[in-house]
Amino acid sequence: EELKPGQTKTWTNDLPHVIINHDSIPGMLVDCGATLNINPGCKIFFAGNSSIFVEGTLNAIANSWNDSIVFEGARLEQEYHDVPGQWFGIVFLRSNLCVSQGTFDHCIINESSYGIYAGAGFNQNISDYQGASQRPVVNIRHTIVENSQNNAINAFNANITAQNSLFFTSGDVLINLGLGGAYNFSN
């Protein structure tokens, strides 16, 4: 699925949402100028190496742990419970056209390769990643990122604020920050 510029979509918690690989997009794309709002209580399941790619805005905001938003692998059998690397992660892309933005509040991100990946792009020129004007902006509050195959947070010159959140159990360093950026982690 792709949200085009100017589109806004809201996911409700009446049914689970399943993200799968498509021919052109390995998951879902929230394009520049588009917004995806995820309501409290939503469950999002990812099959294969799928992901949500964000060039626009992603808002996953719940009010409490009782109605938290869950992102995890689609395999629900017991032997896959808490197994890392079942899906890629939530990726905030760098673009020359807009600044990707995300807000997570009372979310659980589980069983991914990278929980939140901020600042990824397709340009091979390293200078395209060094300016402050196109930094992805990600706000994380009361959120758990667990059982990541690589990193709970992986960022390249991004702007990330995390408050009262837990990051644990990863195959590499929990938080990997590169090429500068603005980062604030607090309890």
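Residues -10 to 176 in the working numbering are what the sequence shown lists, from first letter to last.
Built from N, CA and C at the ideal position, the CB exists for glycine as well.
Values in this document were obtained by computation on a predicted structure and should not be read as measured data.
- Taking the C-beta atoms as reference points, I8 is found nearer than 8 Å to A36.
- Annotation note: the segment 67 to 148 contains the following uninterrupted beta strand (DSSP E) runs of length 3 or greater, listed N- to C-terminal: 78 to 82, 90 to 94, 96 to 99, 103 to 109, 126 to 130, 133 to 137.
- As a beta-bridge residue in DSSP terms, S40 pairs with G16, G78.
- Taking a 10 Å sphere around the C-beta of Y103, we find 16 or more other C-beta atoms and assign the residue as buried.
- Residue nearest to R83 within the set P73, G110, I105 is G110 (criterion: CA-CA distance).
- Boundaries of the beta strand (DSSP E) harbouring S159: 155 to 159, taken from the DSSP string.
- It is roughly 27 Å from the alpha-carbon of N139 to the alpha-carbon of C21.
- In this structure, F42 sits near V80, with a CB-CB distance shorter than 8 Å.
- Taken atom to atom, the span from the alpha-carbon of D161 to that of N136 is near 11 Å.
- The shortest CA-to-CA distance from G30 to any of N128, C96, F145, S116 is the one to C96.
- A direct Cα-to-Cα measurement between G16 and E(-10) gives close to 7 Å.
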